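Student: Here you go, one structure.
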Amino acid sequence: MSNTISRRDWLLSDAPQTRRQARLGAIYQGWLTFRSNKLAMVGLIILVLLIGMAIFAPLLAPQSPYAQDLGARLQPPSAAHWLGTDGLGRDIMSRLIHGSRITLFIVGTVALIAPIIGLFIGTVAGFAGGWVDQVLMRVTDIFLAFPKLILALAFVAALGPSIGNAVLALALTAWPPYARLARAETLTIRHADFIAAARLQGAGRLRLLIRHIWPLCVSSLIVRVALDMAGIILSAAGLGFLGLGAQPPMPEWGAMISDGRTYILDFWWVAAMPGLAIFTVSIAFNLLGDGLRDVLDPKGDKS
Amino acid sequence: MTENTGAGGNTPGASRPDPSARNALRRRRARSIAGTLLSLSLTLLGLLLVTFIIGRVMPIDPVLKVVGDRATQAQYDAAYVAMGLDRPLVVQFFGYIGDVLTGDFGRSISTGQPVADDIKRVFPATFELATLGTLIGIFVGVPLGVIAAARKGGIIDQVARVVALVGYSMPIFWLGLMGLLIFYGILGWVGGPGRQGIIYDGMVPSVTGMILVDSLLAGDWAAFRDAFSHIILPASLLGYYSLAYISRMTRSFMLEQLSAEYVITARVKGMSESAVIWRHAFRNIAIPLTTVIALSFGSLLEGSVLTEIIFSWPGLGSYITRGLLSGDMNAVLGGTVVVGVCFVVLNLFSDLLYRVLDPRSK
Amino acid sequence: MTLKMTTRAVLLASALALSPAAYAETPADTLVVAHTIDDIISLDPAQTFEFSGNDVNNNTYDRLVDFDPLDMDAGFKPSLAESWEVSEDGLSITFTMREGVTFHSGNPVRAEDAAWSLQRAVKLDKTPAFILTQFGFTAANAEEKISADGNKLTLTLDKPYAPSFVLNCLTANIASIIDKETVLANEQDGDMGNGWLNTNEAGSGAYTLAAWRPNEAVQLAAYEDYWQGAPAMKRVIVRNVAESSAQRLLLEQGDIDVARNLTPTDVESIGSVEGVKIQDEPRGRMMYMGLNQKNELLSNPAVIEAMKYLVDYEGITGSFLKGQFTTHQAFLPLGYLGVLEDQPWTYDVEKAKQILADAGIEGGTITTRIRDLREYIDVAQTLQASMAQAGLTLEIEQMTGAQVLDAYRAREVPIFIGEWGPDYSDPNTNAATFAFNPDNSDEAKAVGLLAWRNAYAVPEEMNEATVAATLEKDAEKRAQMYKDIQAQYQAEAPIIPLFQRIEQAGLQDNVENWFSGGAVTSVIYRQVTKGE
Numbered sequence: 033m034s035n036t037i038s039r040r041d042w043l044l045s046d047a048p049q050t051r052r053q054a055r056l057g058a059i060y061q062g063w064l065t066f067r068s069n070k071l072a073m074v075g076l077i078i079l080v081l082l083i084g085m086a087i088f089a090p091l092l093a094p095q096s097p098y099a100q101d102l103g104a105r106l107q108p109p110s111a112a113h114w115l116g117t118d119g120l121g122r123d124i125m126s127r128l129i130h131g132s133r134i135t136l137f138i139v140g141t142v143a144l145i146a147p148i149i150g151l152f153i154g155t156v157a158g159f160a161g162g163w164v165d166q167v168l169m170r171v172t173d174i175f176l177a178f179p180k181l182i183l184a185l186a187f188v189a190a191l192g193p194s195i196g197n198a199v200l201a202l203a204l205t206a207w208p209p210y211a212r213l214a215r216a217e218t219l220t221i222r223h224a225d226f227i228a229a230a231r232l233q234g235a236g237r238l239r240l241l242i243r244h245i246w247p248l249c250v251s252s253l254i255v256r257v258a259l260d261m262a263g264i265i266l267s268a269a270g271l272g273f274l275g276l277g278a279q280p281p282m283p284e285w286g287a288m289i290s291d292g293r294t295y296i297l298d299f300w301w302v303a304a305m306p307g308l309a310i311f312t313v314s315i316a317f318n319l320l321g322d323g324l325r326d327v328l329d330p331k332g333d334k335s
Numbered sequence: 005m006t007e008n009t010g011a012g013g014n015t016p017g018a019s020r021p022d023p024s025a026r027n028a029l030r031r032r033r034a035r036s037i038a039g040t041l042l043s044l045s046l047t048l049l050g051l052l053l054v055t056f057i058i059g060r061v062m063p064i065d066p067v068l069k070v071v072g073d074r075a076t077q078a079q080y081d082a083a084y085v086a087m088g089l090d091r092p093l094v095v096q097f098f099g100y101i102g103d104v105l106t107g108d109f110g111r112s113i114s115t116g117q118p119v120a121d122d123i124k125r126v127f128p129a130t131f132e133l134a135t136l137g138t139l140i141g142i143f144v145g146v147p148l149g150v151i152a153a154a155r156k157g158g159i160i161d162q163v164a165r166v167v168a169l170v171g172y173s174m175p176i177f178w179l180g181l182m183g184l185l186i187f188y189g190i191l192g193w194v195g196g197p198g199r200q201g202i203i204y205d206g207m208v209p210s211v212t213g214m215i216l217v218d219s220l221l222a223g224d225w226a227a228f229r230d231a232f233s234h235i236i237l238p239a240s241l242l243g244y245y246s247l248a249y250i251s252r253m254t255r256s257f258m259l260e261q262l263s264a265e266y267v268i269t270a271r272v273k274g275m276s277e278s279a280v281i282w283r284h285a286f287r288n289i290a291i292p293l294t295t296v297i298a299l300s301f302g303s304l305l306e307g308s309v310l311t312e313i314i315f316s317w318p319g320l321g322s323y324i325t326r327g328l329l330s331g332d333m334n335a336v337l338g339g340t341v342v343v344g345v346c347f348v349v350l351n352l353f354s355d356l357l358y359r360v361l362d363p364r365s366k
Numbered sequence: 036m037t038l039k040m041t042t043r044a045v046l047l048a049s050a051l052a053l054s055p056a057a058y059a060e061t062p063a064d065t066l067v068v069a070h071t072i073d074d075i076i077s078l079d080p081a082q083t084f085e086f087s088g089n090d091v092n093n094n095t096y097d098r099l100v101d102f103d104p105l106d107m108d109a110g111f112k113p114s115l116a117e118s119w120e121v122s123e124d125g126l127s128i129t130f131t132m133r134e135g136v137t138f139h140s141g142n143p144v145r146a147e148d149a150a151w152s153l154q155r156a157v158k159l160d161k162t163p164a165f166i167l168t169q170f171g172f173t174a175a176n177a178e179e180k181i182s183a184d185g186n187k188l189t190l191t192l193d194k195p196y197a198p199s200f201v202l203n204c205l206t207a208n209i210a211s212i213i214d215k216e217t218v219l220a221n222e223q224d225g226d227m228g229n230g231w232l233n234t235n236e237a238g239s240g241a242y243t244l245a246a247w248r249p250n251e252a253v254q255l256a257a258y259e260d261y262w263q264g265a266p267a268m269k270r271v272i273v274r275n276v277a278e279s280s281a282q283r284l285l286l287e288q289g290d291i292d293v294a295r296n297l298t299p300t301d302v303e304s305i306g307s308v309e310g311v312k313i314q315d316e317p318r319g320r321m322m323y324m325g326l327n328q329k330n331e332l333l334s335n336p337a338v339i340e341a342m343k344y345l346v347d348y349e350g351i352t353g354s355f356l357k358g359q360f361t362t363h364q365a366f367l368p369l370g371y372l373g374v375l376e377d378q379p380w381t382y383d384v385e386k387a388k389q390i391l392a393d394a395g396i397e398g399g400t401i402t403t404r405i406r407d408l409r410e411y412i413d414v415a416q417t418l419q420a421s422m423a424q425a426g427l428t429l430e431i432e433q434m435t436g437a438q439v440l441d442a443y444r445a446r447e448v449p450i451f452i453g454e455w456g457p458d459y460s461d462p463n464t465n466a467a468t469f470a471f472n473p474d475n476s477d478e479a480k481a482v483g484l485l486a487w488r489n490a491y492a493v494p495e496e497m498n499e500a501t502v503a504a505t506l507e508k509d510a511e512k513r514a515q516m517y518k519d520i521q522a523q524y525q526a527e528a529p530i531i532p533l534f535q536r537i538e539q540a541g542l543q544d545n546v547e548n549w550f551s552g553g554a555v556t557s558v559i560y561r562q563v564t565k566g567e
């Protein structure tokens, strides 16, 4: 008992003894802040469940997501099919469960690629200044001026429709805001004393960029990514809806809604179930993002 | 996908109160109008170049769209040359730019008509929808945001938060389908897909291309009511996404103002709370708020592809998408020019606004 | 089901209580149609080759011979040509023009207009020109071979074709008769009015073109001086509505008279709606599966044979294609001369497995491209499932129609699933593309032939039989020739006809005599009436 208390005290100590203690302490404090936000916790729990669902999909799904049964098509939710069956008689719940893998794959990959491109372009632009900045920011503007879904459509149409290309297209259209953000951050810290100090110690530009500037931009980017996840899911679903995302018979949620719209007037569940799934997950990401912002970016606006 | 359009299924404009947008504005403000214009036209040119390249690498054959399935090789070759595709890419691109400068956008291969005519037809449809959507966003979103900020943590604030959250999280195509099913299919409260009842088709002379305006000009109330019943559902849908964004931004701007010193001073002086909020704080957020609204409007103008598809709305977004998928690059380029010009105009507009309204920039 | 009924009932009840809108009805003299018409790119009869474009031109123009929508069994009937005579050697046909018929401009319809219209189509040489040029017309000889004299028009052919073959081709839209004077007044840079006619009309049909807004709507207005009498519907509005559910809602709400793109589920539900009916009409379009012979696996006769047993014909036509397609396994659609109605194949995975095993084939993977239309994707997915049972893996890439077509014409689609619509009302239209491929080399670039696209080297005797059938004057013998070709085709060809399309139009109860075009032509509006 005393042991736990002391560990907590150790973490929350005002005078940390070691660097490690300080860092862990900061993380712990962040966790406490985050935990006090009930909605954010709800978001986190939903996402943990989602990840669990994706990992254990084959065990959880009552049936194969691909098994067709034309005789039992468009069945309403029942004991045999909790969420009903689709136009080819496939079990919607099994498809949703397996589809969570695709959703996570999309979100994860885009959330990894886009901020990195943005971070690189933004910090280089902000740090280098001059014509490099001008050129990079013009390019960013061009991508910003483009209607996003149409740009993504164009990429997918050019590369060929597949889940991988959809992810790539989404990433390629998602980076400009990150570049802007990273550039703005860079501009504010470029002339900070510690940068000047590091420079005096003989640090090269690249080293300054990688060791000193990037780490400082990361936390605001993470917040931004968490908040954007929902948008990424919705955009991916939009591509799937237009038939340019995951290819059949993959149970991608957007494509499932697209399938279901044929039947929407009489068999509402075919479109409604994946719609609800998308809604649930994106709301979870939104809640999580709000919570993370409170922790990582306390100075940012608390809307 | 932050600056997701209503099309992407997410919020118009930036999906969240976005500090970088304001940084960008500060950056903009510092520049001269001429510089802004120059860089914006460079952006426009770059936009065209990107679109042009996309069009050329796309594995969709525009010639086939023109000559159709049964064409012989000779007919195909003839059309290929007639479309000028045998010229080097650079020649094609600059030829195109030259034509655009003289107002010639070429001919669309999927409609067989000049792209300029097509755009004159589809843009007003999108403009009408986006305008109404933004108006709904403003008239609901701004008061909601202000009240939410004034009564922080109160019921209205919670409601506003939920409204915004749901707005950020709902796939627009799903909401659109369900809305159409319920309000048109089952309840019959609103008009169906399309811009007007089919029997009104072509009844009102087209002046502006916006049916609501045209029917008013013609004094045709029946047509106006019909058009209104058709636009209200998709506009509300876009308006919902718009208001989710606008209300959040309003709230955060207001919070910033309400914690400022002058507000505290005013309160200390005994000024009434509503006077503090509306006369002081709100006046100060008017400028950034206008920019937010312009951004949101801009993203709706870019065309809400999915909404347009679901509501059979013959607008710019579905025009560009259709062009893209059939290799109709003149249509895509023309549409992109319009989108780019909207972007430029709205940017200039917010720049000017800063200059005119913000005393510090003088 | 119960759940669905209750929610609907509750909502309906509240709708009745709350809804201020009365049941809308379209005006009695106006026909309002919802249809997918985004394929129209030109309305020039010499160029138009899309379904929706033909739907328009079929009503704005007349031809020398036309179909009577109320008597389709009779085949083509005299239209702008009152009568015709075939020369003894069978090499020329002389038409006598009907007197007193006027174009929409008021100009009389003359033999000269008819000759010019056909010459123009040959000279412009747009995609559908082959329908005329297959009789030996070329840009160089058109004026000589197609000639007008007084009110007589003479066509001189290069071979003694069966007259029914020639006349059937003249019912095609490319053979529409155009108002020469009006078009020439709008000619630009010697384009024979092509640019102008792309968006305008100069015919003598029952309707004039009032407006066409691409991807939005086509409006037709009755031609009061029409030679067969002014049509009952004074205005026809065709609105582009892409979604079936939207079309159904519009129909149920009474906002439209006809819905032409309803999915099977929507058709089924509409069946129980008061005041609305469904009209079934077999169309000429065939859904087929093309197995590309460039693919090593698919060129194996055992695989070709096995594939025929891996299509769940009954399951598909009984579920997601219900009512919209009927199983039909020969390349001539029902409604054509010489159609073969035998159905040799059934869904039999065990048999397919046996065939593959006997040939020593142990699995294999095929990646193919399918157009992103619901029907094709669903068919492909069921095929994917049954192929998997037989040990074959099918990977599906969804693409737009343009992309798939592009690849198909480049012979790059391993398994093509799609539709073929006949170009004219003669059996040769399908025979000449399914069962005719004189040169199977890549260099031949016979991109218009389905056999070539699938790299199917049609046996020499089948090529010859196809040509011979166009020359046989005796209708019965001709029919038998086509039956023989189809039987041989079923036995060995790697292009497998699967289903024939049935158009299920949703109509308001008061709409009478609706005609979507049957197997052989396009929609015709002039006989449509609306009762009380």
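Residue numbers (our numbering), protein chains in the order written: chain Z, 33 to 335; chain F, 5 to 366; chain Y, 36 to 567. By construction, the Cβ of each residue, glycine as well, lies at the ideal position given by its N, Cα and C atoms. Everything numeric in this text was worked out from a predicted model, so none of it was measured.
Classify F:Phe-98: buried if its beta carbon has 16 or more other beta carbons within 10 angstroms, exposed otherwise.
Tutor: Residue 98 of chain F sits at position 94 when you count from the first residue of the second sequence. By the neighbour-count rule (16 or more Cβ atoms within 10 Å), F:Phe-98 is not buried but exposed.
Student: By the 8 angstroms beta-carbon criterion, what residues does the segment 105-137 of chain Y contribute toward chain F?
Tutor: Listed by position along the chain: nothing, the set is empty.
Student: Since Z:Trp-63 is in the beta strand (DSSP E), which residue starts that stretch and which ends it?
Tutor: Walking along the first sequence from the start, residue 63 of chain Z turns up at place 31. Element bounds for Z:Trp-63: not the beta strand (DSSP E) but the alpha helix (DSSP H), 51-68.
Student: What alpha helix (DSSP H) runs, 4 residues minimum, are completely inside the segment 77-139 of chain Y?
Tutor: List check, alpha helix (DSSP H) in window: 86-95.
Student: Let me confirm a value: F:Thr-212 is counted as buried when at least 16 other C-beta atoms fall within 10 Å, else exposed. Which label applies?
Tutor: Translated into positions along the second sequence, residue 212 of chain F becomes position 208. That one is exposed.
Student: Closer than 8 angstroms by beta-carbon distance: list the chain Y residues that pair up with F:Leu-68, in chain order.
Tutor: Sequence index remark: in the second sequence, residue 68 of chain F carries index 64 (1-based). Result: Ala-437, Leu-440, Asp-441, Arg-444.
Student: Does the segment 262-280 of chain Y come close enough to the segment 65-72 of chain Y that 3 or more CB-CB pairs lie under 8 angstroms?
Tutor: Cβ pair count under 8 angstroms is three or more, so yes.
Student: Using CA coordinates, which residue listed in Z:Ala-99, Z:Pro-281, Z:Ala-143 is at the minimum distance from Y:Glu-430?
Tutor: Taking the third sequence and counting its residues from 1, the one referred to as residue 430 of chain Y is at position 395. Cα-wise, what sits closest to Y:Glu-430 is Z:Pro-281.
Student: Using a Cβ-Cβ distance under 8 angstroms, would F:Arg-326 count as near chain Y?
Tutor: Position 322 of the second sequence, counting from 1, holds the residue named residue 326 of chain F. With 8 angstroms as the cut-off, F:Arg-326 counts as an interface residue toward chain Y.
Student: Could you tell me which chain Z residues have their CB closer than 8 angstroms to the CB of Y:Phe-355, listed as they occur along the chain?
Tutor: Translated into positions along the third sequence, residue 355 of chain Y becomes position 320. Correct list: Leu-102, Arg-105, Gly-119, Leu-120.
Student: Please give the ranges of any alpha helix (DSSP H) in the segment 68-102 of chain Z, keeping only runs that are unbroken, at least 4 residues long and fully inside the region.
Tutor: Listed in chain order, the complete alpha helix (DSSP H) runs (minimum 4 residues) inside the segment 68-102 of chain Z are 70-87, 89-92.
Student: Show which residues of chain Y have a CB atom less than 8 angstroms away from the CB atom of F:Tyr-188.
Tutor: Position 184 of the second sequence, counting from 1, holds the residue named residue 188 of chain F. Per Cβ cutoff of 8 angstroms: Leu-284, Gln-288.
Student: In angstroms with no decimal places, state the Cα-to-Cα distance between Z:Phe-88 and Z:Leu-81.
Tutor: Reading the first sequence from its first residue, position 56 is the one you call residue 88 of chain Z. Reading the first sequence from its first residue, position 49 is the one you call residue 81 of chain Z. Their backbone Cα atoms lie some 10 angstroms apart in a straight line.
Student: F:Met-174 CB to nearest chain Z CB: under 8 angstroms?
Tutor: Here residue 174 of chain F is taken as the residue at index 170 of the second sequence, counted from 1. Yes, because at least one Cβ of chain Z sits closer than 8 angstroms to the Cβ of F:Met-174.
Student: Check whether the Cβ of Y:Gly-483 lies closer than 8 angstroms to any Cβ atom in chain F.
Tutor: Residue 483 of chain Y sits at position 448 when you count from the first residue of the third sequence. Yes - at least one Cβ of chain F is within 8 angstroms of the one on Y:Gly-483.
Student: State the start and end residues of the unbroken beta strand (DSSP E) segment that holds Y:Ile-405.
Tutor: Here residue 405 of chain Y refers to the residue found at position 370 when the third sequence is read from its first residue. Looking at the DSSP string, the run of the beta strand (DSSP E) that includes Y:Ile-405 is 399-406.
Student: For a quick check, are the C-beta atoms of F:Pro-66 and F:Met-258 less than 8 angstroms apart?
Tutor: Taking the first residue of the second sequence as position 1, residue 66 of chain F is located at position 62. Taking the first residue of the second sequence as position 1, residue 258 of chain F is located at position 254. Not closer than 8 angstroms, so no.
Student: At a cut of 8 angstroms, does the segment 245-258 of chain F reach the segment 134-150 of chain F through at least three beta carbon pairs?
Tutor: Yes, since at least three Cβ pairs between the segment 245-258 of chain F and the segment 134-150 of chain F fall closer than 8 angstroms, the two stretches touch.
Student: For the putative contact between Y:Val-555 and Y:Phe-102, defined by C-beta atoms under 8 angstroms, what is the C-beta separation to the nearest angstrom?
Tutor: Within the third sequence, numbered from 1, the residue matching residue 555 of chain Y stands at position 520. Within the third sequence, numbered from 1, the residue matching residue 102 of chain Y stands at position 67. Contact flag correct, Cβ pair sits at about 7 angstroms.
Student: Note the first and the last residue of the continuous beta strand (DSSP E) segment covering F:Thr-76.
Tutor: Working through the second sequence from its first residue, we reach residue 76 of chain F at position 72. Unbroken run through F:Thr-76: none, as it is neither H nor E.
Student: So with Cβ pairs under 8 angstroms, would you call F:Leu-185 a contact of chain Z?
Tutor: Translated into positions along the second sequence, residue 185 of chain F becomes position 181. Interface residue, yes.
Student: Of all the residues that make up the segment 282-298 of chain Z, which are near chain Y by a beta-carbon distance shorter than 7 angstroms?
Tutor: If the cut-off is 7 angstroms between Cβ atoms, the segment 282-298 of chain Z has Arg-293, Thr-294, Tyr-295, Ile-296, Leu-297, Asp-298 near chain Y.
Student: Check the Cβ of Z:Ile-145 against every Cβ in chain F and list those closer than 9 angstroms, keeping chain order.
Tutor: Counting from 1 along the first sequence, the entry for residue 145 of chain Z is found at position 113. Under the 9 angstroms cutoff, chain F gives no residues; its nearest Cβ is about 12 angstroms from Z:Ile-145.
Student: Shortest alpha-carbon distance to F:Tyr-240 belongs to which of F:Val-309, F:Ser-308, F:Ile-140, F:Pro-118?
Tutor: Looking up residue 240 of chain F in the second sequence gives position 236. Checking the sequence, you will find Ser at residue 240 of chain F rather than Tyr. It is F:Ile-140.
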